[in-house]
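See below for the structure under consideration.
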Amino acid sequence: ATTLGASAAEKGRYFGAAVAANHLGESAYTTVLNREFNSVTPENEMKWETIQSSRGSFDYGPADQIVNHATSRGMKVRGHTLVWHSQLPGWVSGLPTATDVRNAMNSHINNVMGHYKGKIHSWDVVNEAFEDGSSGARRNSVFQQRIGNSFIEEAFKTARAADPNAKLCYNDYNIDDMNHAKTRAVYNMVRDFKSRGIPIDCVGLQSHFNSQSPVPSNYQQNIQQFAALGVDVQITELDIEGSGTAQANSYRNVVTACLAVSRCTGITVWGIPDHYSWRSGGTPLLFDRNYNKKPAYDAVLAALGGT
Ligand code: G3I
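Just so we're aligned, residue 1 is where the sequence shown starts under mature numbering (1 follows the signal peptide of the UniProt record, and there is no 0), counting upward by one.
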């Protein structure tokens with residue numbers, strides 16, 4: 001096939017992009033989006049601060065724009081994200097008791113997943129709950145502080161009941177290298193969830209790479225070790241700082257690693273043209289600021305078996 005999405009589909013995978021609602025009016029942007037991708041992730045529009053900035057009042061406008069754009073064209077949608085310490089409104093961080101935080105968390109999950117029931121192929125139920133560094137500890141969020149370790153499994157149980165057909169993912173960055181303490185901590189959590197019957201279907205490897213944190217040499221083995229626990233793996237926020245052949249080779253390695261593991265079910269890049277990347281001034285994506293295909297694009301397409 002001649003596009004990323006169609007080539008990935010021939011391999012039984014999806015190929016997606018993070019999309020921002022405020023770019024959907026730009027024809028060059030939607031031309032590439034509609035041509036190349038068969039899955040989208042709202043980059044910010046499904047986050048708690050956007051959807052429920054004040055308690056009990058839900059704004060689905062921006063997220064609906066993206067979901068409608070995608071579903072009317074047969075694209076899949078990844079939901080990002082339900083429970084995260086960041087982009088969280090102040091009213092949640094200020095809740096005083098475990099009961100308050102638990103009620104707010106479960107009601108947020110129920111409301112958002114209910115609104116999109118049947119339209120989301122995978123949800124990032126919990127995002128970035130572990131610390132960086134060598135401790136493997138939980139991050140000190142309001143959820144962790146008030147509810148304790150059980151907040152993650154509680155979120156997954158609530159999510160399963162809210163939309164039984166959505167895949168439920170745990171999503172994080174710096175869990176791409178199997179020797180990293182954070183990777184081991186997430187691995188142990190998933191293994192524990194599977195052994196106790198806590199509903200979890202997938203692990204999202206965000207895969208934000210740069211020169212300090214390049215694609216690890218054990219990346220495929222890492223995908224394989226998660227898959228062996230009985231969960232799918234999705235590459236959820238891929239971007240690789242760099243340019244030219246070096247960047248293209250790194251992208252190729254990521255795609256090849258995913259295709260080598262049958263449970264690696266799809267790849268999402270975290271934006272379309274470089275100038276809309278969250279890495280401001282960076283060039284980590286597959287299209288340049290004029291929407292020209294970069295060498296990285298050609299490498300990805302070839303790795304997917306396209307031409
Ligand atoms: O929408 C407001 C706008 O009204 C305001 O005028 C402007 C001024 O700063 O800010 C706008 O909000 C920005 C928002 O993106 C939408 O553009 C925020 O400041 C900015 O912080 C926010 O950044 C997002 C970031 O998450 C926040 O944590 C990035 O776009 C988004 O790409 C990034 O995505 C995260 C994933 O969700 C989780 N994993 C890491 C990844 C990269 O950081």
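For each residue, glycine too, the CB sits at the ideal point set by N, CA and C.
Pull up the CB-CB distance for residue i and residue j, whole angstroms please, since I reckon it's below 8 Å.
i: proline 89; j: glutamate 43; result: At roughly 18 Å, the Cβ-Cβ gap does not stay under 8 Å, so proline 89 and glutamate 43 are not in contact.
i: aspartate 239; j: arginine 289; result: Their Cβ separation, rounded to whole angstroms, is 15 Å, which puts aspartate 239 and arginine 289 out of contact at 8 Å.
i: alanine 303; j: valine 269; result: About 13 Å; that fails the 8 Å criterion.
i: alanine 260; j: glutamine 225; result: The Cβ separation is near 13 Å, so there is no contact.
i: phenylalanine 156; j: proline 199; result: 5 Å
i: arginine 191; j: aspartate 232; result: About 15 Å; that fails the 8 Å criterion.
Alpha carbons only, please: which of the options is nearest the one belonging to residue i?
i: residue 320; options: Arg279, His108, Thr245; result: A query on residue 320 cannot be resolved here, the shown segment of the chain reaching from 1 to 307 and no further.
i: aspartate 64; options: Thr41, Ser53, Val32; result: Thr41
i: residue 368; options: Asn292, His275, Trp123; result: Summary: the structure shown does not reach residue 368, with the chain confined to residues 1 through 307, and so no result is reported for it.
i: glycine 16; options: Ser262, Val215, Gln206; result: Gln206
i: asparagine 111; options: Ser150, Ala159, Asn218, Ser262; result: Ala159
i: glutamate 10; options: Asp59, Gln247, Ile240, Thr265; result: Thr265
i: asparagine 222; options: Lys293, Glu36, Tyr187, Ala296; result: Tyr187
i: histidine 85; options: Gly74, Thr71, Met105, Thr99; result: Met105
i: asparagine 174; options: Ile198, Leu286, His208, Lys194; result: His208
i: glycine 74; options: Asn103, Ser107, Phe37; result: Phe37
i: tyrosine 291; options: Ala20, Ala28, Ala18; result: Ala28
i: asparagine 103; options: Gln247, Pro62, Glu154; result: Glu154
i: glycine 271; options: Ile152, Val67, Lys117, Phe287; result: Phe287
i: arginine 252; options: Ser213, Gly282, Ala296; result: Ala296
i: alanine 185; options: Gly133, Lys117, Ser250; result: Gly133
i: histidine 180; options: Ala162, Asp192, Val215, Ile152; result: Val215
i: phenylalanine 151; options: Lys47, Met189, Val19; result: Met189
i: leucine 229; options: Lys157, Asp176, Ser195; result: Ser195
i: glycine 114; options: Asp59, Ala162, Ile51, Met46; result: Ala162
i: methionine 178; options: Gly136, Ser211, Ala6; result: Gly136
i: arginine 139; options: Lys182, Lys117, Asn210; result: Lys182
i: leucine 301; options: Tyr116, Ala18, Asn249, Thr283; result: Asn249
i: leucine 285; options: Ser57, Tyr116, Asn210, His69; result: Asn210
i: serine 217; options: Ala227, Ser39, Asp176, Phe193; result: Asp176
Shorter than 7 Å, the distance from the beta carbon of residue i to the closest heavy atom of the ligand G3I, or not?
i: residue 308; result: Since the first residue shown for the chain is 1 and the last is 307, residue 308 is missing from the structure and cannot be characterised.
i: histidine 80; result: yes
i: glutamate 43; result: yes
i: tyrosine 173; result: yes
i: asparagine 68; result: no
i: tryptophan 270; result: yes
i: tyrosine 278; result: Checking the sequence shown, residue 278 turns out to be tryptophan, not tyrosine. Checking the Cβ of tryptophan 278 against the ligand G3I gives yes.
i: asparagine 127; result: yes
i: glutamine 221; result: no
i: glutamine 206; result: yes
i: glutamine 87; result: yes
Which same chain residues, not among the five before or five after residue i, have their C-beta less than 6 Å away from its C-beta?
i: glycine 242; result: none
i: isoleucine 120; result: Val77, Gly79, Ala166
i: cysteine 169; result: Ser122, Asp124, Cys202, Gly204
i: residue 310; result: Given a span of 1 to 307 for the chain in the structure shown, any question on residue 310 remains unanswerable.
i: asparagine 171; result: Asp124, Asn127, Gly204, Thr236
i: serine 53; result: Pro89
i: alanine 21; result: Glu45, Pro62, Gln65, Ile66
i: glutamine 247; result: Ile240, Ala296
Kindly list the residues whose CB is nearer than 7 Å to the CB of residue i, restricted to its own chain and excluding five residues on each side of it in sequence; keep chain order.
i: valine 101; result: Leu95, Val142, Phe143, Arg146, Ile147
i: threonine 2; result: Gly306, Thr307
i: histidine 108; result: Trp48, Gln52, Leu82
i: lysine 117; result: Asp163
On the DSSP letters alone, give me the boundaries of the alpha helix (DSSP H) that residue i sits inside.
i: glutamate 153; result: 151 to 162
i: phenylalanine 193; result: 181 to 196
i: aspartate 132; result: Note, aspartate 132: premise wrong, no alpha helix (DSSP H); not H, not E.
i: proline 62; result: 61 to 71
i: isoleucine 51; result: 48 to 51
i: histidine 115; result: 98 to 115
i: valine 300; result: 295 to 303
i: glycine 148; result: No alpha helix (DSSP H) contains glycine 148, which DSSP labels as neither H nor E.
i: isoleucine 175; result: No alpha helix (DSSP H) contains isoleucine 175, which DSSP labels as neither H nor E.
i: alanine 228; result: Segment: none, alanine 228 is in no alpha helix (DSSP H) and carries neither H nor E.
What are the boundary residues of the beta strand (DSSP E) that includes residue i?
i: leucine 205; result: 202 to 205
i: threonine 268; result: 264 to 269
i: tyrosine 170; result: 167 to 172
i: tryptophan 123; result: 122 to 127
i: residue 325; result: A question about residue 325 goes unanswered here, because the residues of the chain that appear run from 1 up to 307.
i: arginine 78; result: 76 to 83
i: glutamate 237; result: 232 to 240
i: aspartate 14; result: What sits at residue 14 in the sequence shown is tyrosine, not aspartate. Element bounds for tyrosine 14: 14 to 19.
Ordered along the chain, which non-local residues of its own chain (more than five positions away) have a Cβ less than 8 Å from that of residue i?
i: isoleucine 267; result: Ala8, Arg13, Tyr14, Phe15, Gly16, Gln234, Ile235, Leu238, Val254, Val255, Cys258
i: serine 93; result: Val142
i: asparagine 34; result: Arg73
i: residue 378; result: There is no way to answer for residue 378, as the model of the chain reaches only from 1 to 307.
i: threonine 71; result: Val77, Lys119
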